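First comes the structure, then the notes that go with it.
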Amino acid sequence: MSPYRERKVLRMEATERIILALDVDSEKQALSLVEQLYDRVGVFKVGMQLYNSVGPGIVTRIIDLGGKVFVDLKFHDIPNTVAAAGRVMARLGAFMYNVHIAGGREMMPRAVESTAQEAGKLGKTPPRILGVTVLTSISNQQLRAEMKVNKDVDELVVEWALMARECGLAGVVASPREIIPLRKACGRDFLVVTPGVRPAWSATDDQKRITTPREALLSGADYLVIGRPILAAANPREAAERIIEELEG
Ligand code: C5P
């Protein structure tokens, strides 16, 4: 392989790994970011802020522009309801969506089954379903005092990830500090999607247990969720370019 070709492949890979959190209120802002960054970002994340502001049409609009979409609505409900929401995700053509692992052993396989069935009917690829373990905003102390779970967050995260894998989920969303134990427990084929990454040159904002994108990648993350380091930059495209360069090392 020529050095040029090798560099191109690496660049594509680094680009593919970036999930841009479209944490904005309007469709106009979101689509402008998609247009600026479509070839510098692998996946666009539509979370509660954007989805609840402008509705599900934003997902199809991004797909029509050629983007992949991670619908980050963290479903947590009874199995029948989450299974129905999974069918909607398949119809929308989401690339990924997520459910709370706390929804349990019955809910997760139902979501997997209904999503695959609906996608199959439509001749689409089923969205990858990710599990949310313990929210990174929850401390060990809160887990014990408020959720009445008598173990540490790190331990529960790995146990729940293993349960999610057994239930057929494609991977988990996890903090950078959990990547190594998760990778060790769940193997290479289980996706680990990591928010809370910050390039050294960027503000930390309210993220606390951060690593750089490159550190997260070297620890074994498959995808990096990045919002403000790109969104708040004077030139978002340049910021994305810098992150890609860092990832390539
Ligand atoms: O702007 P920033 O890079 O901090 O954005 C990170 C994104 O990842 C946000 O959309 C946030 O909701 C999401 N997220 C997070 N921490 C988690 C789970 C999701 O920051 N534990």
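The opening position of the sequence shown corresponds to residue 1397 in the working numbering, with each subsequent residue numbered one higher.
Just so it is clear, CB atoms sit at the ideal spot from N, CA and C, and this is done for glycine as well.
Predicted model, so just to flag it, every value in this text is computed and none were measured.
Of all the options the options, which has the alpha carbon lying nearest to the alpha carbon of residue i?
i	options	result
glutamate 1514	Tyr1493, Ala1486, Ser1533	Ala1486
glycine 1592	Gly1567, Gly1564, Pro1625	Pro1625
valine 1528	Leu1587, Arg1594, Ala1628	Leu1587
valine 1495	Val1478, Glu1644, Tyr1447	Val1478
proline 1475	Arg1506, Val1465, Gly1583	Arg1506
alanine 1498	Lys1520, Ala1480, Arg1483, Leu1526	Leu1526
glutamate 1423	Cys1563, Asn1448, Arg1413	Asn1448
Could you tell me which residues DSSP pairs with residue i in its beta bridges?
i	result
leucine 1620	Ile1414, Thr1590
arginine 1524	Met1492
lysine 1441	Ala1417, Phe1466
Going by DSSP in three states, residue i sits in which element: helix, strand or coil?
i	result
valine 1467	strand
glutamate 1637	helix
serine 1398	Here serine 1398 scores only 47 on pLDDT, less than 50, and its place in the model should not be relied on; the value that follows carries that caveat. Coil.
threonine 1456	helix
threonine 1607	strand
leucine 1643	helix
threonine 1477	helix
tryptophan 1556	helix
glycine 1482	helix
Where do the ends of the beta strand (DSSP E) carrying residue i lie?
i	result
valine 1545	Per DSSP, valine 1545 belongs to no beta strand (DSSP E) and is neither H nor E.
leucine 1568	Note that residue 1568 is valine in the sequence shown, not leucine. That run of the beta strand (DSSP E) goes 1567–1569.
Return the first residue and the last residue of the alpha helix (DSSP H) that residue i is part of.
i	result
valine 1430	1423–1433
threonine 1511	1503–1518
alanine 1581	1575–1582
With 8 Å set as the bound, which would you pick, yes or no: does the beta-carbon of residue i sit closer than that to a beta-carbon of chain C?
i	result
glutamine 1445	Absent here is chain C; the protein component of the structure consists of one chain.
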